[in-house]
Amino acid sequence: SAAASGMTGIRAFFSKHVLGIDLAELKNATAQRSLEEVADEARQEWDALGNAKLDIAITGVSGVGKSSLVNALRGMTDYEEGAAQTGLVQTTMDIHEYAHPSFPSVTLWDLPGIGTPEFTPENYLEKVNFSKYDFFIIVAAERFTENDVLLAQEIKKMQKKYYFVRSKMDLCMDSERRRPNFSEDKTLEKVKNYCCENLRMAGEPSPRVFLISRWHLDMYDFPLLQKTLEMELDGLKRHAFILALPVFSREMLEKKNAAMEAYIWKVALASCAVGAVPVPGLSFACDLSILVGALLTIYKAFGLTEDSLHRVAKQVGKDYEVLKSAIKKSPMSNEITPEFVAGLLTKPLMCGTLMVFDFVPALGSLVGGVSSFVTTFYVLKSFLNNIVEDAENVRAKAVEPSLEPSETSN
28 SAAASGMTGI
38 RAFFSKHVLG
48 IDLAELKNAT
58 AQRSLEEVAD
68 EARQEWDALG
78 NAKLDIAITG
88 VSGVGKSSLV
98 NALRGMTDYE
108 EGAAQTGLVQ
118 TTMDIHEYAH
128 PSFPSVTLWD
138 LPGIGTPEFT
148 PENYLEKVNF
158 SKYDFFIIVA
168 AERFTENDVL
178 LAQEIKKMQK
188 KYYFVRSKMD
198 LCMDSERRRP
208 NFSEDKTLEK
218 VKNYCCENLR
228 MAGEPSPRVF
238 LISRWHLDMY
248 DFPLLQKTLE
258 MELDGLKRHA
268 FILALPVFSR
278 EMLEKKNAAM
288 EAYIWKVALA
298 SCAVGAVPVP
308 GLSFACDLSI
318 LVGALLTIYK
328 AFGLTEDSLH
338 RVAKQVGKDY
348 EVLKSAIKKS
358 PMSNEITPEF
368 VAGLLTKPLM
378 CGTLMVFDFV
388 PALGSLVGGV
398 SSFVTTFYVL
408 KSFLNNIVED
418 AENVRAKAVE
428 PSLEPSETSN
């Protein structure tokens, strides 16, 4: 069963080499400070990661695909409940707030386009409450305008970041493919040069333009936009951004894995402070609520909750059960309860925890907290490895050839 596979993974991690390395790191961390101080700092960092807010503003004139981009970044279709409204007529007349379905501290804002009587370049930033947003994505479907450049200049004056995005590249490429001697690389270069040239003519001296399609986040310039944002966001907001993005590529999967490994280390350190919480039937202590909460965060980050799987199934036009069948090693997220985790911990393999203190004998008085550290770290690390493998299987199943929808106009 998936749970049994999870247990096998946990066994694999209880090795002298791995335990020695990680407990040696814990020992080094407590060389100059008490375990309580280290654990308290880790708990504060853990809380900060969990509460990090990220507000992304997406703006552009009507019909350029803003609302579809909002939905894509939230891992949603254009037609499900809670999605940003799209359509052939102007649908963004007001400011609309859309929280991420799995990480509600990440919010995307669908803003009206600049240049209407209601939203002039002079009053736009004030009317949309400029200070609220961490950065702006300025979207165009064909060409950028002078108003887009005026907005960018105002954003720059306020010392915030902005990014020009040319949307609907799937439609553009489909049209260009009908031409004789079509070359994808030359077409992409032509489109980008055209966008940059009209931005320069409108007064943007050194434009950067990202070509994207909401239906293909793994193609064109979206991976480059993602990397650019990662580099330019601070640590907490970068973490929130990586967790919230859909798993659209192997590289994205690896980034989420790295983010979760760092997260697990902080959670395990924080658990030292509550390491004396007894669990019935166990000869050691840990905090089941910490384990359950962290496990569910990992599931959400990789899009493996039931709700996320249903959304992906709708997006790619496949049956939910087909995607679910790709999950081989992990239990479903609705099975992750304190009782379930306690049941795993009562298995004989957990006696391996007692080996720990043969490897790092100098830990001395840290033993109580280290018991919780080891339990928390290796349960989460084992589940992470299994979830990464399952997420890759789900992604592969999702991208198997099927009929894809065309991008909507707003």
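Our numbering puts the sequence shown at residues 28 to 437. For each residue, glycine too, the CB sits at the ideal point set by N, CA and C. Bear in mind that the values here come from a model prediction, so they are computed numbers and not experimental data.
Compute the distance between the beta-carbons of residue i and residue j, then report whether it is under 8 angstroms.
| i | j | result |
| --- | --- | --- |
| Ala66 | Leu322 | no |
| Gly102 | Arg422 | no |
| Thr324 | Ser360 | no |
| Thr255 | Leu318 | no |
| Ile165 | Asp175 | yes |
| Lys282 | Leu350 | no |
| Glu72 | Lys293 | yes |
| Ser132 | Ala79 | yes |
| Lys341 | Thr147 | no |
Measuring straight from C-alpha to C-alpha, what distance separates residue i and residue j?
| i | j | result |
| --- | --- | --- |
| Leu100 | Pro428 | 22 angstroms |
| Asp334 | Thr86 | 28 angstroms |
| Gln253 | Ile291 | 23 angstroms |
| Leu315 | Pro365 | 6 angstroms |
| Gly77 | Glu288 | 15 angstroms |
| Ser352 | Glu419 | 13 angstroms |
| Asn156 | Asn150 | 10 angstroms |
| Gly230 | Leu177 | 8 angstroms |
| Asp248 | Leu198 | 15 angstroms |
| Trp242 | Phe400 | 42 angstroms |
| Ser298 | Gly262 | 22 angstroms |
| Leu16 | Gly320 | For the chain, the structure presents residues 28 to 437; residue 16 sits outside this window and is missing. |
| Gly370 | Val406 | 12 angstroms |
| Lys154 | Ile122 | 9 angstroms |
| Ser94 | Asp74 | 31 angstroms |
| Ile141 | Asp161 | 19 angstroms |
| Tyr106 | Glu259 | 32 angstroms |
| Ala69 | Asn284 | 19 angstroms |
| Ala110 | Phe367 | 33 angstroms |
| Ser276 | His127 | 19 angstroms |
| Glu64 | Pro232 | 50 angstroms |
Got a sec? Which residues, its chain only, sit under 7 angstroms from residue i by beta carbon, not counting five neighbours each side?
| i | result |
| --- | --- |
| Pro234 | Phe191, Cys223, Leu226 and Arg227 |
| Glu416 | Lys356 |
| Ala168 | Gly90, Val91, Gly92, Ser194 and Lys195 |
| Pro273 | Gly102, Leu244 and Gly330 |
| Ile414 | Ile325, Tyr326, Phe329, Leu331 and Ser357 |
| Leu251 | Phe237 |
Between which two residues does the alpha helix (DSSP H) containing residue i stretch?
| i | result |
| --- | --- |
| Ala369 | Pro365 to Leu372 |
| Pro212 | The sequence given here places Asp at residue 212; Pro does not occur at that position. Residues Glu211 to Met228. |
| Trp136 | First-last for Trp136: Val133 to Asp137, but that is the beta strand (DSSP E), not the alpha helix (DSSP H). |
| Glu333 | Glu333 to Val343 |
| Leu322 | Leu315 to Ala328 |
| Ala168 | Run containing Ala168: none; DSSP gives neither H nor E here. |
Since residue i is in the beta strand (DSSP E), which residue starts that stretch and which ends it?
| i | result |
| --- | --- |
| Arg101 | Run containing Arg101: none; DSSP gives neither H nor E here. |
| Leu350 | No beta strand (DSSP E) holds Leu350; the alpha helix (DSSP H) holding it covers Tyr347 to Lys351. |
| Lys188 | Lys188 to Arg193 |
| His266 | From DSSP, His266 is part of no beta strand (DSSP E) but of the alpha helix (DSSP H) over Gly262 to Ala271. |
| Ile85 | Leu81 to Thr86 |
| Phe237 | Val236 to Leu238 |
Whose C-beta lies closer than 6 angstroms to the C-beta of residue i among residues of the same chain, with five residues either side of it excluded?
| i | result |
| --- | --- |
| Phe384 | Low per-residue confidence applies at Phe384: pLDDT is 42, beneath 50, and the placement is therefore not dependable enough to give any value. |
| Asn98 | Asp105, Ala110 and Ala111 |
Near residue i, which residues of its chain fall below 8 angstroms by C-beta distance, leaving aside the five closest residues on each side in sequence?
| i | result |
| --- | --- |
| Glu203 | Phe209 and Thr214 |
**Q.** Inter-stretch contact at 8 angstroms, needing at least 3 Cβ pairs: the region 210-227 / the region 261-276
**A.** no
Q | Stretch-stretch touch, CB-based, cutoff 8 angstroms, three pairs: the region 170-188 with the region 201-213 | A | no
Q: Count the C-beta pairs between the region 73-85 and the region 127-137 that are closer than 8 angstroms, then say yes if the count reaches three, no if not.
A: yes
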